[in-house]
Amino acid sequence: MKSRRERMRAQASGEIKAIALRLLAAGGPDAISLRAIARDMGMTAGAIYGYYATRDDLITTLISDVYTALVDRVEAARDAVPVEDPAGRIVAWGEAVRDWAIAHPAEFRLIYGDPVPGYQPPPGGPAVAAELRACTGLVGLTAAAWPHAAKRQTISDTTWSEFDPGLVEHVRADFPDLSPAALGLALRMWGRMHGLIALEVYGHLVPQSRDPAKLFHTEMLDLVCSLGL
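So in the numbering used here the end of the sequence shown lands on 294, straight run, no missing numbers.
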């Protein structure tokens with residue numbers, strides 16, 4: 066059981082993050098300031114520094130929380146589809162990303178948009194665990210599709226040297242039998258999923274499409290068909 070002090074601290078920390086996300090949605094990353102949050106909560110600026118020493122600390126926590134929430138959602142959507150249906154699992158993953166992004170556009174911009182001005186992330190990045198889970202999940206979807214997709218690839222001379230060494234190390238540890246061409250396919254799949262989502266979140270798609278959800282679903286079906294699934 067947490068003590069009363071610990072519960073109050075957790076409640077205040079949660080309120081700080083909620084206000085920060087509200088400021089983010091209203092005015093973008095530049096609107097997030099510890100002093101503004103302190104005023105909103107009726108606290109002194111000095112008091113709020115007891116929870117987050119710097120604005121960078123708060124933004125790092127927000128990015129980690131937001132990214133983790135997204136990965137939780139897409140993993141649950143994927144796992145609701147049987148492993149014997151790789152096409153359905155890919156579509157479920159993509160649809161879950163889009164649904165989350167449309168419901169949380171400010172949070173999508175925070176983790177996938179332009180860098181927050183002046184923000185200095187910690188070594189390794191602000192959401193290492195969530196990023197690794199997302200990477201593993203997407204590469205896992207590709208690995209399941211690879212027996213069908215391999216013969217449909219137009220470029221066969223892909224090498225590991227074409228990718229970030231840290232990414233290669235992680236992928237080869239989890240999927241030792243996967244080829245570098247499959248990793249390239251995973252990145253292209255990611256691009257196809259996020260391309261339409263980003264256009265929609267940033268307001269570039271809706272004027273041209275009256276049914277962006279249908280458009281995205283069609284893109285996901287085309288994706289899995291292109292994999293031979």
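All C-beta atoms in this analysis are idealised placements derived from N, C-alpha and C, irrespective of residue type, glycine included. All figures in this text were calculated on a predicted structure; none of them were measured in a lab.
Assigned secondary structure, D121 (DSSP; H/G/I helix, E/B strand, else coil) = Counting from 1 along the sequence shown, the entry for residue 121 is found at position 56. Here D121 sits in helix by DSSP.
If you follow the alpha helix (DSSP H) that A208 is part of, which residue opens it and which one closes it?
-> Translated into the one-based positions of the sequence shown, residue 208 becomes position 143. It spans V193 to A214 - the alpha helix (DSSP H) in which A208 sits, taken as one unbroken run.
Counting Cβ pairs, one atom from each stretch, are 3 or more of them under 8 Å apart for the stretch 122-132 and the stretch 207-222?
-> no
Roughly how many angstroms separate the alpha carbons of L135 and E149, rounded to a whole number?
-> Looking up residue 135 in the sequence shown gives position 70. Looking up residue 149 in the sequence shown gives position 84. Their Cα atoms are separated by approximately 24 Å.
Beta-carbon gap between L252 and Q218 smaller than 8 Å = Locating residue 252 in the sequence shown gives position 187, where the first residue counts as 1. Locating residue 218 in the sequence shown gives position 153, where the first residue counts as 1. Contact flag unset, no.
Thinking L99 and R120 are a contact (beta carbons under 8 Å), I'd like their distance in whole angstroms, please.
-> Indexing the sequence shown from 1 puts residue 99 at position 34. Indexing the sequence shown from 1 puts residue 120 at position 55. Right, their Cβ atoms sit about 6 Å apart.
Can you tell me which of A238, P277, V266 and T223 puts its alpha carbon nearest to the alpha carbon of A246?
-> On the sequence shown, position 181 is the one that residue 246 refers to. Checking every option, the nearest Cα to that of A246 belongs to T223.
Helix, strand or coil for E140 per DSSP?
-> In the sequence shown, the residue the question calls residue 140 occupies position 75. In this structure, DSSP gives E140 a helical state, which the three-state scheme calls helix.
From what residue to what residue does the alpha helix (DSSP H) around E234 run?
-> For the purposes of this step, residue 234 is identified with residue 169 of the sequence shown, where counting begins at 1. E234 -> alpha helix (DSSP H) spans P230 to D239.
For my contact list, M254 and T207 are in at a C-beta cut-off of 8 Å; report their separation, rounded to the angstrom.
-> To locate residue 254, count along the sequence shown from 1; it is residue 189. To locate residue 207, count along the sequence shown from 1; it is residue 142. Right, the Cβ-Cβ distance comes to about 6 Å (below 8 Å), so this counts as a contact.
Inspect the CB distances between the stretch 176-187 and the stretch 234-242 and report whether three or more fall short of 8 Å.
-> no
Buried versus exposed call for E71 [16 or more other C-beta atoms within 10 Å across all chains shown] = Residue numbering aside, residue 71 sits at position 6 when the sequence shown is read from its first letter. With fewer than 16 other Cβ atoms within 10 Å, it is exposed.
As assigned by DSSP and simplified to three states, the class of R275 | If you number the sequence shown from 1, residue 275 lands on position 210. R275: coil per DSSP, three-state reduction.
Between the CA atoms of G92 and A118 - distance to the nearest angstrom = Counting from 1 along the sequence shown, the entry for residue 118 is found at position 53. Counting from 1 along the sequence shown, the entry for residue 92 is found at position 27. Answer to the nearest angstrom: the Cα atoms are 22 Å apart.
Which of helix, strand or coil does DSSP assign to L294?
-> The residue labelled residue 294 in the question sits at position 229 within the sequence shown. Reduced to three states, the DSSP call for L294 is coil.
Thinking C-beta only, is I262 closer than 8 Å to V181?
-> Translated into the one-based positions of the sequence shown, residue 181 becomes position 116. Translated into the one-based positions of the sequence shown, residue 262 becomes position 197. Not closer than 8 Å, so no.
My understanding is that P191 touches V266, with C-beta atoms under 8 Å, so please give their C-beta distance in whole angstroms.
-> The residue given as residue 191 occupies position 126 in the sequence shown. The residue given as residue 266 occupies position 201 in the sequence shown. Contact doesn't hold; Cβ gap of about 20 Å is too wide.
Does the Cβ-Cβ distance between V204 and V162 come in under 8 Å?
-> In the sequence shown, the residue the question calls residue 204 occupies position 139. In the sequence shown, the residue the question calls residue 162 occupies position 97. In this structure, V162 does not lie closer than 8 Å to V204 by Cβ.
8 Å contact criterion, which A142 and A166 should meet: CB distance rounded = By 1-based counting over the sequence shown, the position of residue 142 is 77. By 1-based counting over the sequence shown, the position of residue 166 is 101. Going by Cβ atoms, the distance from A142 to A166 rounds to 13 Å, so no, they are not a contact pair.
Pull up the distance between the alpha-carbon of D287 and that of P147, whole angstroms please.
-> For the purposes of this step, residue 287 is taken as residue 222 along the sequence shown, with counting starting at 1. For the purposes of this step, residue 147 is taken as residue 82 along the sequence shown, with counting starting at 1. Each residue's alpha carbon lies about 20 Å from the other.
What are the start and end residues of the alpha helix (DSSP H) that includes P170?
-> The count along the sequence shown starts at 1 and reaches residue 170 at position 105. Where P170 is concerned, the enclosing alpha helix (DSSP H) stretches over P170 to Y177.
Write down the C-beta distance between L81 and Y116 rounded to the nearest angstrom, noting that I regard them as a contact closer than 8 Å.
-> Sequence index remark: in the sequence shown, residue 81 carries index 16 (1-based). Sequence index remark: in the sequence shown, residue 116 carries index 51 (1-based). In the sequence as displayed, the identity of residue 81 is Ile instead of Leu. About 6 Å separates the two Cβ atoms, so the contact holds.
Does the Cβ-Cβ distance between L294 and A152 come in under 8 Å?
-> The sequence position of residue 294 within the sequence shown is 229, counting from 1. The sequence position of residue 152 within the sequence shown is 87, counting from 1. Closer than 8 Å, so yes.
Extent of the continuous alpha helix (DSSP H) run through G111 = Residue 111 sits at position 46 when you count from the first residue of the sequence shown. Unbroken alpha helix (DSSP H) run through G111: A110 to I113.
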